[in-house]
Amino acid sequence: MFDKFNNDDSSYNVENFELIKKTAPEVGEMIEKEYNRQRNNIELIASENYCSEAVLAANGSCLCWKYAEGYPYERTSGNKGRYYGGTEFVDEMEEYCCDKWREVFNTDYHVNVQPHSGSQANFSAYKSVLKTGDKVLSMSLNNGGHLTHGSAVNFSGELYDMHFYDVDDNGFIDMEDVKRKAEELKPKMILAGASAYSRKIDFPKFAEIAKSVGAYFMVDMAHIAGLVAAGEHVSPFGYADLITTTTHKTLRGPRGGLIFGRLGLAKKIDSAVFPYAQGGPLEHVIAGKAVCAVEALKPEFKEYQHQVVLNCKEFCNEFIKMGYNVVTGGTDNHLFLLDLSEYEFTGRDLQNRLDEVGITLNKNSVPNEKRSPMQTSGVRIGTAPMTSRGYKEEDFVKVAHNIDEVIKELASK
Ligand code: PLP
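In our numbering, the protein residues as written are 479 to 891.
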């Protein structure tokens, strides 16, 4: 997909638009408009990316109408069998997909490739080791965690007794606070991982704390999974009991989720996905995930992830040079947060104005946020999508100056 965007050759997509338009003209036109928006805008949403045409083709393949409730034969989990006939090829596909993901992360952990999304992966991962009402210690939404990490408006906040560790005054995860709260609360599980955290996460230290209080240690690596696969971030494998991820962020695959777990948890993980949380797996998405894993094993993938991080550092430094306040004062990964709390305008105002000039990012809360999540005092900026489209450091420096112009315009109003 992204190479087409750059080469100005969109034949593949245009053919598809025409096909859709023949049956449902409005739908074809809406997709075409979105395609053009994606093509013309500078995409800085840290949780998005462009997947390859091979991933897209697998995702749109004939596997999309195959029912295959259950699991392929000979899974390590002991969950044998499907509830439908004619699954010999999707069985092969799903086993292959599992093997490839183990290879990507160089692990012998059990893997379940069926979760339809990151949220569903978390739902099932929790279910595999927790009972309703169990205590969990995680990072709050305000501090950069995800909704599924215990927000009151999410299943996690309702089903479990969620507690949160803090970030320090500079926005770094406060490991002393993690330790103190773990010892006080004796949670059943400690969760690390975030949606808006720009620094390396100390998985070995988290694991040590979890072990010292007898808690399960889970990592949601949805944002940084591509970096982990490429060795740009310390791996949680070997430290965490459970690991979840999405496949559509830095991993650059189709929308979906994965759960990894220590071998002793295999059966529990599988039954928490099917039959507990889901019915038939999306075998076409599993095929897309398999293509994504094959791509992640190629040397170009490593180069890409390295460039994502280099770009992010340079982009972030340019804002710092211009005098902006960046949460934690920098970045180690694919994203950073601009703290705009000194301004009258909100994160949402900046997001909306940037939308008008063709730059897409999202508003985001900052530590000690005073505004509502619908307004916010910051924005989150990521480099994964534009790096897929070939952007290098100097391109991001230019974008930093474009954003600076818009901020000055809003500040002068
Ligand atoms: N976990 C983290 C850390 C995320 O950032 C996200 C999504 O942004 C999710 C889970 C949920 O993924 P999904 O949107 O696929 O449900």
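Positions of the beta carbon are idealized from the N, C-alpha and C atoms, including for glycine.
{"Item": "Near ligand 3: residue 603 beta-carbon under 6 Å from a heavy atom", "Value": "This structure does not include ligand 3; its bound ligands are ligand 1."}
{"Item": "Cα-Cα separation, residue 869 to residue 782", "Value": "11 Å"}
{"Item": "Of the listed residues 572, 569, 679 and 574, nearest to residue 623 (C-alpha basis)", "Value": "679"}
{"Item": "4-residue-minimum alpha helix (DSSP H) runs that sit fully inside the region 663-695, ordered along the chain", "Value": "681-690"}
{"Item": "Closest by C-alpha distance to residue 750, when choosing among 521, 602 and 712", "Value": "602"}
{"Item": "Residue 568 vs residue 770 beta-carbon contact at 7 Å", "Value": "no"}
{"Item": "When 586, 843, 592 and 630 are compared against residue 716, the one with the closest alpha-carbon", "Value": "586"}
{"Item": "Residue 861 Cβ short of 6 Å to ligand 1 heavy atom set", "Value": "no"}
{"Item": "DSSP state of residue 617 mapped onto helix, strand, coil", "Value": "strand"}
{"Item": "Euclidean distance between Cα positions of residue 832 and residue 855", "Value": "15 Å"}
{"Item": "The region 821-832 touching the region 502-511, judged by at least three CB pairs closer than 8 Å", "Value": "no"}
{"Item": "C-alpha gap between residue 546 and residue 746, whole angstroms", "Value": "19 Å"}
{"Item": "Three-way DSSP call (helix, strand, coil) for residue 747 in this model", "Value": "helix"}
{"Item": "Any non-hydrogen atom of ligand 1 within 6 Å of residue 739 CB", "Value": "no"}
{"Item": "Exposed unless 16 or more other CB atoms sit within 10 angstroms - verdict on residue 817", "Value": "buried"}
{"Item": "Top-ranked residue by Cα proximity to residue 764, from 803, 788, 535 and 704", "Value": "535"}
{"Item": "Through-space distance from residue 655 to residue 714, alpha-carbon basis", "Value": "20 Å"}
{"Item": "Check: residue 724 C-beta below 6 Å from any heavy atom of ligand 1", "Value": "yes"}
{"Item": "Ligand 1 heavy atom lying under 6 Å from the CB of residue 930", "Value": "Within the shown structure, residues of the chain are numbered from 479 to 891, placing residue 930 beyond reach of any answer."}
{"Item": "Any non-hydrogen atom of ligand 1 within 6 Å of residue 616 CB", "Value": "no"}
{"Item": "Near ligand 1: residue 525 beta-carbon under 6 Å from a heavy atom", "Value": "yes"}
{"Item": "Buried versus exposed call for residue 665 [16 or more other C-beta atoms within 10 Å across all chains shown]", "Value": "buried"}
{"Item": "Residue 711 CB to nearest heavy atom of ligand 1 below 6 Å", "Value": "no"}
{"Item": "Burial state of residue 659, where buried means 16 or more other Cβ atoms lie within 10 Å", "Value": "buried"}
{"Item": "Selected residue, minimal CA-CA separation from residue 731, among 495, 509, 579 and 889", "Value": "579"}
{"Item": "Other residues of its chain near residue 649: CB distance less than 6 Å, five sequence neighbours each side excluded", "Value": "805, 806 and 845"}
{"Item": "Cut-off 6 Å between Cβ atoms - residues of its own chain near residue 812, not counting five sequence neighbours on either side", "Value": "728, 786, 790, 860, 861 and 862"}
{"Item": "Burial state of residue 458 (16 or more Cβ within 10 Å)", "Value": "With the chain represented from 479 up to 891, any question about residue 458 goes unanswered, as that position is not in the structure."}
{"Item": "Short Cβ contact (7 Å threshold) for residue 718 with residue 697", "Value": "yes"}
{"Item": "Nearest-angstrom beta carbon gap, residue 848 and residue 893 [assumed within contact, 8 Å]", "Value": "No information on residue 893 is available, as it lies outside the stretch 479 to 891 that the chain covers here."}
{"Item": "7 Å Cβ cutoff met for residue 652 and residue 611", "Value": "no"}
{"Item": "For residue 738, three-class secondary structure by DSSP", "Value": "strand"}
{"Item": "Beta strand (DSSP E) segment containing residue 814, residue limits", "Value": "813-817"}
{"Item": "N- and C-terminal bounds of the beta strand (DSSP E) containing residue 640", "Value": "639-643"}
{"Item": "Residue 584 classed as buried or exposed, judged by whether at least 16 other C-beta atoms fall within 10 angstroms", "Value": "exposed"}
{"Item": "Cβ of residue 888 within 7 Å of any chain D Cβ", "Value": "The structure shown contains no chain D; it holds only a single protein chain."}
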